[in-house]
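Encoded as structure tokens, the structure appears first; notes follow it.
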Amino acid sequence: MLFTKSPGKEFANRFREDIEFIKGWAKMPGAVGAIKPTGKIAARHMASLLPIESGFPVLELGPGTGVITREILKRGLSPEKLVSVEYGREFYDYLIERFPGVNFVHGDAFNLDAALKDIPYNSFCGVIGAVPLLNVPKPLRESIVSESLKRVVPGGPFIQISYGPNPPTKAIAGKYTVEKSDRIFRNIPPAGIWVYRQDHQ
Ligand SMILES: C[S@@+](CC[C@H](N)C(=O)[O-])C[C@H]1O[C@@H](n2cnc3c(N)ncnc32)[C@H](O)[C@@H]1O
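Here the sequence shown stands for residues 9 to 209, where the numbers follow my numbering.
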């Protein structure tokens with residue numbers, strides 16, 4: 009039988025991702041939040057919500073072992089057009105080896121001014137967020153959404169995965185709206201995908 013890609017290699021990659029994830033979780037459980045990387049179906053769905061065809065780059069926050077990174081690249085985005093901010097040093101070291109060409113930043117997604125330095129506002133077609141927000145105070149949750157939306161072109165999404173029944177932060181009139189992506193996923197733990205956009209009322 010002819011295989012287009014080696015199932016053994018894919019399995020080995022997943023296994024290594026799981027190991028790296030557990031190592032990262034053991035070092036900083038609060039920052040990693042989940043016990044497993046995001047499932048492939050949820051990761052693929054998040055990536056599918058990005059308007060990549062616009063030609064603008066993508067910003068990712070909290071790539072971990074790169075499960076969502078991989079799905080973003082599979083959509084055809086060139087690695088050079090992806091900027092991805094990771095706080096954990098070990099994850100960062102793993103990612104730069106695993107995904108050559110992607111602009112990984114070892115930085116803090118709650119301080120995008122420092123992490124993105126000279127990248128102007130309105131530079132990205134969308135932002136994918138996987139930093140756990142339920143562990144941080146409400147003002148920080150609001151700030152990461154507002155600051156992320158400043159970085160996207162008008163109308164672009166900030167797509168956030170979260171492990172609760174409600175959005176990690178509610179809509180704020182005049183600032184941003186939020187809606188739940190209409191699909192339900194088998195994910196461990198069960199996850200919701202929330203899409204925030206600037207509110208131009
Ligand atoms: C729940 S894991 C998600 C990892 C991966 N994106 C996935 O979906 O499987 C959260 C990730 O966010 C990173 N993280 C936590 N706080 C962060 C921060 N302030 N800035 C950037 N990354 C952060 C963690 O190190 C970890 O890689």
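Virtual Cβ for every residue (Gly too), placed ideally from N, Cα, C. Please read these numbers as outputs of a predicted model, since none were measured by experiment.
C-beta atoms of residue i and residue j nearer than 9 Å
| i | j | result |
| --- | --- | --- |
| S189 | I180 | no |
| G47 | N195 | yes |
| I76 | I27 | no |
| L67 | F132 | yes |
| F166 | Y204 | yes |
| G172 | L142 | yes |
| K35 | G96 | yes |
| S170 | P140 | yes |
| V93 | D121 | no |
Rounded straight-line distance, which links the Cα of residue j to that of residue i
| i | j | result |
| --- | --- | --- |
| D177 | W33 | For the record, residue 177 in the displayed sequence is Thr; it is not Asp. Between T177 and W33, the C-alpha separation is close to 24 Å. |
| R83 | D207 | 27 Å |
| S151 | F99 | 24 Å |
| F29 | V160 | 29 Å |
| N119 | L69 | 11 Å |
| L157 | K31 | 31 Å |
| I49 | L57 | 13 Å |
| I104 | V110 | 7 Å |
Whole-Å CB distance - residue i paired with residue j, under 8 Å assumed
| i | j | result |
| --- | --- | --- |
| G74 | F107 | 6 Å |
Residue i beta carbon near ligand 1 (any heavy atom closer than 8 Å)
| i | result |
| --- | --- |
| V153 | no |
| A39 | yes |
| P59 | no |
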